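A short write-up of the structure that comes next.
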Amino acid sequence: MKGINKKGIVKSFSGIVASLLLLGTPQMNELMAASKISVSYNNQELMLSNEPKVINQSVMLPLRDLSEQLGYKVNWEQATGKIEIVDGVYKVVLQVGSKVAEVNGKVVTIDVAPQTINGVTYIPLRFVSEALEMGVQWSKENKVALEGKYTVDEANKKLMVRTASGKKVVGDINTYDEDVVDGKNVTLRRTNAGSEMVCVTYAIQGALTQIARTTFYMKDGKVIDKLVEKPSIQAEAGILYKNNEVAISTGTEFKIYDDLTGTLVKTYNLKEKLGGEGFVPISYSNNYIVGRYQNTIHVIDLVNGKITRILDFIPEGTEKEKEAKYYVYTFDMPLTSQDNINLVWETEEALVFKYHDAVEDKDKTITYLIGK
448 MKGINKKGIV
458 KSFSGIVASL
468 LLLGTPQMNE
478 LMAASKISVS
488 YNNQELMLSN
498 EPKVINQSVM
508 LPLRDLSEQL
518 GYKVNWEQAT
528 GKIEIVDGVY
538 KVVLQVGSKV
548 AEVNGKVVTI
558 DVAPQTINGV
568 TYIPLRFVSE
578 ALEMGVQWSK
588 ENKVALEGKY
598 TVDEANKKLM
608 VRTASGKKVV
618 GDINTYDEDV
628 VDGKNVTLRR
638 TNAGSEMVCV
648 TYAIQGALTQ
658 IARTTFYMKD
668 GKVIDKLVEK
678 PSIQAEAGIL
688 YKNNEVAIST
698 GTEFKIYDDL
708 TGTLVKTYNL
718 KEKLGGEGFV
728 PISYSNNYIV
738 GRYQNTIHVI
748 DLVNGKITRI
758 LDFIPEGTEK
768 EKEAKYYVYT
778 FDMPLTSQDN
788 INLVWETEEA
798 LVFKYHDAVE
808 DKDKTITYLI
818 GK
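Encoded structure:
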């Protein structure tokens, strides 16, 4: 899982074990040491290769296992024992053996210092849940349940947000039967202006795995816009961030918001320009939009309305014609990402793209002159 960001911690603990955990008594240590501790996130059990431990009446979680399961990046300096846990919002810095830590630049003190045991680094549950703003539940069966700020109410097909006063409905989402779902993920990203992008993703089983997404663009707790992507083997919409702007392509419309205020600034009718649906943006400015449309890269000139097809992902025509064209892929499968093409240079006059030629197996560039 990628980018799990939380806010407004709510801890609810069950029975006497919960009270012991909060008090940090020796009895809690004995109870928990008697059986294996399991950890889940948003009702999905985490597969930890190293079991959690109880040290000085504190539950300690294996750092690398936890971060990999939850989608955080870990930077580890073996020589100094410095640990960094980062994602799109948070940067947590710890030191093995030290009770001083940093959360987004703010110095905090923790009850139990991170420790390395048999080559495995452990960090305290209580600190990591507070630093990464997770809710925590504890059961009598030694089960630790971590919960993100946003969760899914499958029965009512709602995205829920956890607040200090309880869970509240954010909005409707598309949900899918468990027998066809290969995986579900709820991720959160914050923009430079503090807005939130909450994305609920389902992987749908089939001959080819399809991805379905519902993304909420939120500011100050209110939904500004919602992007719904039906099950597909390739992206058919997308969101871009540039300076203090958010651009949302629904596949048929391209909308630009002022992210400081959440105000809609411009709307472009992509279906009218392209004659179809499924435009996925790669980059944009006041003068143009670059994106993938039907497995090709197009540039839409927003000044004169001209549309230029500059690169094919999947060649058309005979084999001889294919070899004469620029393209990225040789197999006849729809594209799932733009990873093999990048905008590497951008001026008011020109755009330069770098891509990989699958036939010659080497990187190439192509230049588009804006307005010509």
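Residue numbering for the sequence shown follows my numbering, beginning at 448 and increasing consecutively.
For every residue, glycine included, the Cβ atom is placed at its ideal position computed from N, Cα and C.
Given the structure is predicted, the values throughout are model-derived calculations rather than measurements.
Take residue i as the anchor and find which of the options has the nearest alpha-carbon.
i, options, result
"residue 401", "554, 514, 673 and 631", "Summary: the structure shown does not reach residue 401, with the chain confined to residues 448 through 819, and so no result is reported for it."
"residue 634", "489, 803, 794 and 809", "489"
"residue 552", "578, 705 and 808", "578"
"residue 564", "601, 499, 696 and 517", "499"
"residue 745", "813, 616 and 589", "813"
"residue 706", "536, 625, 759 and 692", "692"
"residue 537", "701, 613, 495 and 580", "580"
"residue 734", "751, 743 and 720", "751"
"residue 661", "484, 604 and 701", "604"
"residue 685", "554, 495, 788 and 644", "644"
"residue 824", "625, 496 and 600", "The structure shown does not extend to residue 824, since the chain is modelled only from 448 to 819, so the question has no answer here."
"residue 719", "704, 789, 749 and 485", "749"
"residue 512", "584, 485 and 808", "485"
"residue 651", "704, 694, 625 and 523", "625"
"residue 483", "522, 588 and 523", "588"
Just how far apart, CA to CA, sit residue i and residue j?
i, j, result
"residue 780", "residue 503", "Legend: pLDDT at residue 780 = 39, less than 50; position of this residue unreliable, value from coordinates given subsequently. Going by the C-alpha atoms only, they are around 55 Å apart."
"residue 639", "residue 690", "8 Å"
"residue 556", "residue 570", "13 Å"
"residue 667", "residue 641", "8 Å"
"residue 542", "residue 508", "15 Å"
"residue 687", "residue 732", "11 Å"
"residue 534", "residue 757", "34 Å"
"residue 796", "residue 655", "41 Å"
"residue 696", "residue 753", "19 Å"
"residue 712", "residue 632", "31 Å"
"residue 460", "residue 623", "Below a pLDDT of 50, predicted positions are generally treated as unreliable, and residue 460, at 30, falls in that range; the measurement from the model is reported next regardless. Residue 460 and residue 623: Cα-Cα distance of roughly 30 Å."
"residue 778", "residue 530", "Caution is warranted here: a pLDDT of 42 is assigned to residue 778, below 50, making its placement in the model unreliable, and the coordinate value is therefore given only provisionally. Their backbone Cα atoms lie some 42 Å apart in a straight line."
"residue 636", "residue 592", "22 Å"
"residue 803", "residue 759", "12 Å"
"residue 653", "residue 816", "42 Å"
"residue 613", "residue 582", "11 Å"
"residue 739", "residue 517", "30 Å"
"residue 810", "residue 743", "18 Å"
"residue 474", "residue 665", "Note that residue 474 scores a pLDDT of 42, beneath 50, so its modelled location is shaky; the value from the coordinates is reported in the next line. Approximately 44 Å, taken between the alpha carbons."
"residue 701", "residue 792", "23 Å"
"residue 741", "residue 717", "13 Å"
"residue 789", "residue 800", "6 Å"
"residue 572", "residue 647", "26 Å"
"residue 714", "residue 798", "23 Å"
"residue 491", "residue 590", "12 Å"
"residue 497", "residue 722", "54 Å"
"residue 478", "residue 566", "Here the model assigns residue 478 a pLDDT of 45, short of 50, so the residue's position is not dependable, and the following value carries that caveat. Near 26 Å, if we compare the C-alpha coordinates of residue 566 and residue 478."
"residue 794", "residue 703", "20 Å"
"residue 532", "residue 755", "43 Å"
"residue 694", "residue 669", "18 Å"
"residue 554", "residue 574", "13 Å"
"residue 675", "residue 724", "14 Å"
Checking 9 Å against the spacing of the C-beta atoms, do residue i and residue j come in under that value?
i, j, result
"residue 396", "residue 505", "Nothing in the structure corresponds to residue 396, since the chain is present only between 448 and 819."
"residue 620", "residue 657", "no"
"residue 671", "residue 698", "no"
"residue 548", "residue 539", "yes"
"residue 673", "residue 659", "no"
"residue 747", "residue 736", "yes"
"residue 630", "residue 649", "yes"
"residue 561", "residue 586", "no"
"residue 682", "residue 628", "no"
"residue 493", "residue 568", "no"
Answer yes or no: the CB of residue i versus the heavy atoms of the ligand MG, is any distance below 8 Å?
i, result
"residue 799", "Judged by which ligands are present, the structure shown has none, so any question about the ligand MG falls away."
query = For the stretch 606-618 against the stretch 581-598, are there 3 or more C-beta pairs whose distance is under 8 Å?
reply = Touching, yes.
inquiry  = Report the start-end ranges of each beta strand (DSSP E) in the stretch 488-559 that is 3 residues or longer and not cut off at the edges.
reply    = 500-502, 505-509, 520-524, 529-533, 538-542, 547-550 and 553-556
Every unbroken beta strand (DSSP E) inside the stretch 622-654 [3 residues or more] = 628-637 and 643-651
message = List, from N- to C-terminal side, the beta strand (DSSP E) runs of 3 residues or more that fit wholly inside the stretch 595-625.
response = 597-600, 605-610 and 613-619
query = Which ranges would you report for the beta strand (DSSP E) in the stretch 784-814 if only whole runs of at least 3 residues count?
reply = 788-793 and 797-804
key: Runs of alpha helix (DSSP H) wholly within the stretch 661-741 (minimum 4 residues, chain order)   = 717-721
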